[in-house]
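Residue numbers (the numbering used here), protein chains in the order written: chain H, 617 to 1022; chain L, 2 to 223. Yeah, the Cβ is synthetic: ideal placement off N, Cα and C, and Gly gets one too. What follows is a short report on a single structure.
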């Protein structure tokens, strides 16, 4: 007997009990769909994070080490000279740009409109690119304004909320007293949830009018020429600063070099763990579904003992009976798997269309081919395993006993 | 040709030993129509199981067409049942919810025969039920169901048609129908072995073998 024949017999067996077949399939359909949907949500989240923070992947943050340093030496400040050395293309070919900044805080005042204590960030014209931020209105200061220590300021959303009632347009062009000096608001930053309580101004202006500090910089943001060059850029920056700070043992460094890439890698690793965990939970429903298949196949084999006896009496070999019931259970799980895949993809796509409209910035689920292939393979395997024992039991029945069964 | 030589079948359940067949020797020639008779407990059913290759003897040899079937594997026994034996059972044993023609085709499905549909139609015509080919068993009378079963038994052109109480569930008219069918098949040269306890059924046979307590106690030709 060939496989096509066995499949035809199996399909007829399933058709005689349509409702039962469909309900059994439902367990597999739900399990497979759940795995696909949850993996799709996990992937969407990972992609969302990668898109949001990907532009930061070539950044390296350099700061002075806080607290005690081994070797009992005082930590040396980072200075403009360090910045110049890092900017030397000859010594650091992997470094694309160097952006120093100084931090502090000051009281912002608007005549008649109250006051607000905000952190102050003095930096360069390329801050927006480096920090991956956008403006709501206005413009950022340019290189010339940076060199001229122009008294201009770009406000974050928090000071604008307090001083101008949240009206970004209202703030634009207004004068604000920062400490004891009057600055002109030339732009307003879009909030990013992390650094919204800020007033950004040219580095020189911050030093001259507010913070003082000579040639000291608080942090340096270095961008590697590409994401692949991050490791080299970290090495080159460390080597330059080691030399300038006269450090021989890396344990005695008085500065810290952190590549954001490694933080991003960690966070995406955490996310993929979460995805795997969630998919495993969905996998439990697949296991429950497969127990349902095994259960129904056992019932089917018992119910059809007499049929098995007839088939054996007129010449069906063990293999033929085994095939018949195995194919039956694999049709259940295979068809269930395909329907589950269609349902899973359908719901994922629908969620990708509907949810972002309901919740802003909702990560669009992304169905992965791997999860589809895996879910289908697993459902076929379930058919094989869950149907295996009942089918084997049917195949081993003795024809005389099976025929006597009422 | 069917040959049983010193065949015994012993069932052991715990301490109880039952000799269902005790040193039975029997030879049935091709083209014969034999009734095996006996009261219940005489070993008729055991005889039927052994003749039908559903069970193997405890001792002795059983040769079917020269093949010693006593020491064959399950698969080889299945093949012998498929090709050399056509079964007709008391309770018909047709597959439910399956049309008459598909029931008749079934042995050929397992044999891998090519022109199944044509052969099945011919077998149905042979038992006079060609026009019932697409009916399901529950749409047919007992006599008709048994004739479908006969069609299924003869479709593979077996060495022997083995009928176990074939008329046990039939009324008198159907009994005569079915028995006439066996006689016709036998007239056409086919070997038929009937297992029965009804003397009226044995009337149709050319030879009657009587069993009692696992022994052959009578063997007469009519």
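Between the C-alpha atoms of residue i and residue j, what's the straight-line distance to the nearest angstrom?
i	j	result
residue 963 of chain H	residue 653 of chain H	7 Å
residue 920 of chain H	residue 620 of chain H	21 Å
residue 177 of chain L	residue 941 of chain H	40 Å
residue 622 of chain H	residue 173 of chain L	39 Å
residue 152 of chain L	residue 958 of chain H	46 Å
residue 191 of chain L	residue 87 of chain L	11 Å
residue 119 of chain L	residue 218 of chain L	44 Å
residue 838 of chain H	residue 733 of chain H	29 Å
residue 978 of chain H	residue 956 of chain H	24 Å
residue 630 of chain H	residue 932 of chain H	19 Å
residue 122 of chain L	residue 902 of chain H	46 Å
residue 194 of chain L	residue 625 of chain H	31 Å
residue 655 of chain H	residue 884 of chain H	14 Å
residue 807 of chain H	residue 779 of chain H	16 Å
residue 197 of chain L	residue 158 of chain L	23 Å
residue 998 of chain H	residue 100 of chain L	32 Å
residue 113 of chain L	residue 946 of chain H	23 Å
residue 645 of chain H	residue 944 of chain H	16 Å
residue 754 of chain H	residue 818 of chain H	16 Å
residue 724 of chain H	residue 650 of chain H	53 Å
residue 65 of chain L	residue 74 of chain L	15 Å
Return the residue from the list the options that minimises the CA-CA distance to residue i.
i	options	result
residue 795 of chain H	H:749, H:731, H:741, H:834	H:731
residue 13 of chain L	L:7, L:22, L:6, L:5	L:22
residue 744 of chain H	H:931, H:757, H:994, H:990	H:757
residue 10 of chain L	L:133, L:27, L:48	L:48
residue 18 of chain L	L:59, L:38, L:27	L:59
residue 109 of chain L	L:84, L:137, L:94	L:84
residue 76 of chain L	H:875, H:965, H:928, H:1020	H:928
residue 759 of chain H	H:741, H:751, H:887	H:741
residue 125 of chain L	L:102, L:141, L:143	L:102
residue 643 of chain H	H:800, H:705, H:904	H:904
residue 789 of chain H	H:797, H:777, H:803, H:783	H:803
residue 206 of chain L	L:141, L:7, L:36	L:36
residue 713 of chain H	H:799, H:850, H:985, H:890	H:850
residue 816 of chain H	H:864, H:750, H:786, H:870	H:750
residue 763 of chain H	H:720, H:791, H:821	H:821
What do you get for residue i, buried or exposed, if any count of 16 or more other CB atoms within 10 angstroms of its CB means buried?
i	result
residue 45 of chain L	buried
residue 972 of chain H	exposed
residue 33 of chain L	buried
residue 898 of chain H	buried
residue 82 of chain L	buried
residue 181 of chain L	exposed
residue 748 of chain H	exposed
residue 970 of chain H	exposed
residue 129 of chain L	exposed
residue 185 of chain L	exposed
residue 167 of chain L	buried
residue 26 of chain L	exposed
residue 40 of chain L	exposed
residue 94 of chain L	buried
Which stretch, first to last residue, makes up the beta strand (DSSP E) that contains residue i?
i	result
residue 87 of chain L	86-89
residue 31 of chain L	Counting along the chain, residue 31 of chain L falls outside any beta strand (DSSP E), and DSSP gives it neither H nor E.
residue 916 of chain H	Here residue 916 of chain H belongs to no beta strand (DSSP E); instead the alpha helix (DSSP H) covers 876-919.
residue 732 of chain H	730-739
residue 10 of chain L	3-14
residue 725 of chain H	711-726
residue 162 of chain L	161-165
residue 680 of chain H	675-680
residue 220 of chain L	216-222
residue 802 of chain H	797-805
residue 975 of chain H	Segment: none, residue 975 of chain H is in no beta strand (DSSP E) and carries neither H nor E.
residue 793 of chain H	791-794
Within the continuous alpha helix (DSSP H) that includes residue i, where are the two ends?
i	result
residue 213 of chain L	Careful: residue 213 of chain L lies outside any alpha helix (DSSP H), inside the beta strand (DSSP E) at 208-213.
residue 46 of chain L	45-52
residue 1019 of chain H	1015-1020
residue 815 of chain H	Residue 815 of chain H -> not in any alpha helix (DSSP H); beta strand (DSSP E) instead, spanning 814-818.
residue 105 of chain L	101-112
residue 995 of chain H	985-1012
residue 125 of chain L	117-127
residue 597 of chain H	This structure gives no information on residue 597 of chain H, because the portion of chain H shown stretches from 617 to 1022.
residue 982 of chain H	Where residue 982 of chain H is concerned, there is no enclosing alpha helix (DSSP H), given that its DSSP letter is neither H nor E.
Inspect the CB distances between the region 805-821 of chain H and the region 665-681 of chain H and report whether three or more fall short of 8 Å. In short, these stretches do not touch, since the Cβ pair count stays below three.
Sufficient close CB pairs (3 or more, under 8 Å) joining the region 903-911 of chain H to the region 872-883 of chain H: no
Would you check if the region 826-838 of chain H and the region 760-777 of chain H touch, i.e. whether three or more CB-CB distances between them fall below 8 Å? no
Looking at C-beta atoms only, is the number of pairs between the region 209-216 of chain L and the region 50-59 of chain L that lie closer than 8 Å three or more? Taking a cut-off of 8 Å on C-beta distances, the region 209-216 of chain L does not touch the region 50-59 of chain L, as fewer than three cross pairs fall below it.
Count the C-beta pairs between the region 666-673 of chain H and the region 852-871 of chain H that are closer than 8 Å, then say yes if the count reaches three, no if not. The region 666-673 of chain H makes no contact with the region 852-871 of chain H; the number of CB pairs closer than 8 Å stays below 3.
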